[in-house]
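In my numbering, the protein residues as written are 1411 to 1812. Heads up, the beta-carbon is just placed ideally off N, CA and C, and yes, glycines get one too. Every value quoted in this text rests on a predicted model; they were computed, and no experiment measured them.
Here it is in structure tokens:
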């Protein structure tokens, strides 16, 4: 165990549990002509939807986009005579994955999630499985989603669901996941506004067996917070290995009686300055919450704050016991930055009380997890207030719908 300058504030190194894992000038939408020979056999085979997301988007927003695409696949399998399968895009280095010494590309979902659980609700395969099954490096269609050219709200006063083939705006991605040999029979840009099930209209027009949607984040939820949303969300269980690491940490140091605080810093200091309290004010709000909790004297901190800020927070929180998870070399090399962040989320999801950072999807995913686990809303939907707004609005309570 590594101790920071304040000996009661522990950064813990755990032993790893080894992970095992086995062209845009086209203005018309034309249906693909199938070969006469063998077409009846081909029609019995599954069809696949691949997707990608705007590169700067973070891990937890990408989890949200998956839910939207899963709803789209559910819809396709209700209205279509074909069996549609969603291909999970591999994980690549994201903004918050700061370990420059690690190669964090082409990471499978099974590194972070229990894919068997996901498959019980939604038909999915990993990208490498898709290639192994189909041997395909040429897809029928590539569709780049983009917004409509709106100069003002008055130009399009309605926000009804709609789409149209249009000129491509800006850069169009031609190489996905560093696969230079992936090609497309047809490539087009579509201005899109609406829910994810509207993508089915595009598929009906194109009639592809394989299609990839780029900028899938443009498609919105069908029924955010509804029954289907929660069914898909509940299926997104983290991997057993990550759960085991979190469990070991809790049993060894937190003793199941602790508060968790997600203290978002770095880019939020500039992007959302009014929502992020100073380190001193963060500590004051934590102490205020602890004073209301019965026999809770331990605080777990999940944060992207630099070490000097964390040590400063420790000093302000005396004499409470303050812990932060710090992965050793083996854990970091195996589960990467993404896995370490998930361990933080698992630990926070099981705390007696949680307080997060306003507008952070990292905090929101923890609140969802706690809702699934059955924690009370009063101990779940809480956020820090900025220095100048001590009575700030607290998070919306998105309740589980069975």
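Inset, instruction - Keeping to the same chain, check which residues put their C-beta closer than 6 Å to that of residue 1656; ignore five residues upstream and five downstream. - result: 1753, 1756 and 1757
Inset, instruction - Between the Cα of residue 1476 and those of 1643, 1731 and 1748, spot the shortest distance and give me the residue it belongs to. - result: 1643
Inset, instruction - Could you check if residue 1819 is buried or exposed, using at least 16 other CB atoms within 10 Å of its CB as the buried criterion? - result: In this structure the chain extends from 1411 to 1812, so residue 1819 is not present and cannot be described.
Inset, instruction - Within its chain, find whatever has a CB closer than 8 Å to the CB of residue 1505; leave out the 5 residues flanking it on each side and keep chain order. - result: 1466, 1468 and 1677
Legend entry - Start-end ranges of the alpha helix (DSSP H) lying completely within the segment 1672-1744, minimum 4 residues: 1678-1681, 1689-1700 and 1717-1726
Inset, instruction - Measure the Cβ-Cβ separation of residue 1672 and residue 1767 and say whether it is below 8 Å. - result: yes
Legend entry - Cutoff 6 Å; reference residue 1686; Cβ partners in own chain excluding five residues on either side: 1678 and 1679
Inset, instruction - With a 10 Å radius around its C-beta and 16 neighbouring C-beta atoms as the bar for buried, classify residue 1499 as buried or exposed. - result: buried
Legend entry - Same chain only: Cβ atoms within 6 Å of residue 1524, ignoring 5 sequence neighbours per side: 1647 and 1649
Inset, instruction - Would you identify the three-state DSSP class for residue 1773, choosing helix, strand or coil? - result: helix
Legend entry - Beta-carbon proximity of residue 1775 to residue 1713, cut-off 8 Å: no
Inset, instruction - Pick out the complete beta strand (DSSP E) segments inside the segment 1449-1525, 3 residues or longer, and give them in chain order. - result: 1457-1461 and 1494-1498
Legend entry - Segment contact, 8 Å Cβ cut-off, at least three pairs: the segment 1614-1622 with the segment 1708-1727: no
Inset, instruction - Consult DSSP for residue 1548 and reduce its assignment to one of helix, strand or coil. - result: strand
Inset, instruction - With distances taken Cα to Cα, identify the nearest neighbour of residue 1661 among 1590, 1629, 1733 and 1632. - result: 1733
Inset, instruction - Give the secondary structure of residue 1594 by DSSP, where H, G and I count as helix, E and B as strand, and everything else as coil. - result: strand
Legend entry - Option in 1746, 1537, 1623 and 1453 with minimal Cα separation from residue 1478: 1623
Inset, instruction - Rank 1621, 1474, 1531 and 1772 by C-alpha distance to the C-alpha of residue 1595 and give the top, closest one. - result: 1621
Legend entry - Helix, strand or coil at residue 1574 [DSSP, three-state]: strand
Legend entry - Option in 1741, 1683 and 1494 with minimal Cα separation from residue 1769: 1683
Inset, instruction - Decide if the segment 1586-1602 is in contact with the segment 1540-1549; the criterion is three or more beta carbon pairs, one per stretch, under 8 Å apart. - result: yes
Legend entry - Contact check, residue 1790 vs residue 1780, beta carbons under 8 Å: yes
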